[in-house]
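Here is the structure we will look at, set down as structure tokens.
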Ligand code: HPA
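Residue numbers (my numbering): 3 to 271.
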């Protein structure tokens with residue numbers, strides 16, 4: 003199902019990436035850091051859904067970060083856009099097919115834990131899937147992974163330890179917490195945020211979880227980084243809007259770029 007996309011990408015670049023990065027809403031700047039860069043609009047890649055969300059560039063960027071070959075997805079397909087689970091996870095499947103074994107997922111998220119602040123970065127320790135479905139529903143492709151994949155370390159402990167060490171070296175403050183995935187596109191109600199806090203969520207968003215499930219299915223190691231673009235509904239006496247989310251993404255852009263540049267070369271498969 004991904005073989006045409008694989009052939010297409012490999013026909014456009016000789017770079018063979020081992021690490022993949024997905025950049026979330028307003029967080030696309032890192033892609034510009036790659037050298038020997040090949041940029042391919044999603045719309046050009048066979049089978050690849052193209053994102054319609056504001057703040058999402060919608061391109062695959064393959065290139066080098068020092069000695070490391072990297073594939074960056076600048077923009078992702080969300081379920082709330084009407085994409086199916088299969089479409090929302092297609093990019094990760096394709097990256098795996100071209101050799102990627104380590105994935106870093108970034109996203110914009112609402113802060114539920116009151117210790118978090120707007121603009122903070124959170125390493126995802128685990129997730130709660132509240133999107134009502136799972137990307138692995140349907141016939142299993144045994145050549146990719148098992149029918150019932152284990153998810154007890156969906157976000158690599160080793161990668162998180164490396165990320166913490168790198169953050170400390172750079173003087174970047176990072177938190178750690180559980181990501182709850184909602185379908186969206188409406189933001190949560192204050193009651194839903196109280197519920198999410200009660201069940202153990204620290205941040206909330208509308209992405210990442212399908213991709214992480216698929217990546218785990220194929221045995222890829224995952225790191226998740228949430229950017230707290232806003233405090234979740236009902237915490238502050240103000241409404242949530244997408245502009246604030248994008249604005250905060252722009253605020254943390256340089257920090258995130260610095261973090262990813264130092265971090266990626268340290269992630270071994
Ligand atoms: N809720 C859900 N998704 C989000 C939020 C939020 O508050 N902020 C950014 N993405």
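All residues carry an ideal CB built from backbone N, CA and C; glycine is no exception.
For residue 190, the distance from the CB to the nearest heavy atom of the ligand HPA is below 7 Å. For residue 39, the three-state secondary structure derived from DSSP is strand.
The alpha-carbon of residue 145 is positioned some 12 Å away from that of residue 99.
Of the candidates 8, 123, 232, 45, 232 places its Cα closest to the Cα of residue 195. The secondary-structure analysis by DSSP pairs residue 178 across a beta bridge with 125.
Nearest to residue 205 by alpha-carbon distance, out of 84, 155, 85, 123, is 123.
For residue 87, the uninterrupted alpha helix (DSSP H) segment begins and ends at 87-90.
In this structure residue 159 is exposed. Its beta-carbon is surrounded by fewer than 16 other beta-carbon atoms within 10 angstroms.
When the Cα atoms are used, residue 96 and residue 51 turn out to be separated by approximately 12 Å. Residue range 223-233 is occupied by the beta strand (DSSP E) that includes residue 227, with no alpha helix (DSSP H) assigned at that position. Within the same chain, 183, 211 come within 7 Å of residue 131 by CB-CB distance, once the 5 residues on both sides are set aside. At least one heavy atom of the ligand HPA sits closer than 7 Å to the Cβ of residue 112. Straight through space, the alpha carbons of residue 27 and residue 91 are spaced by roughly 17 Å.
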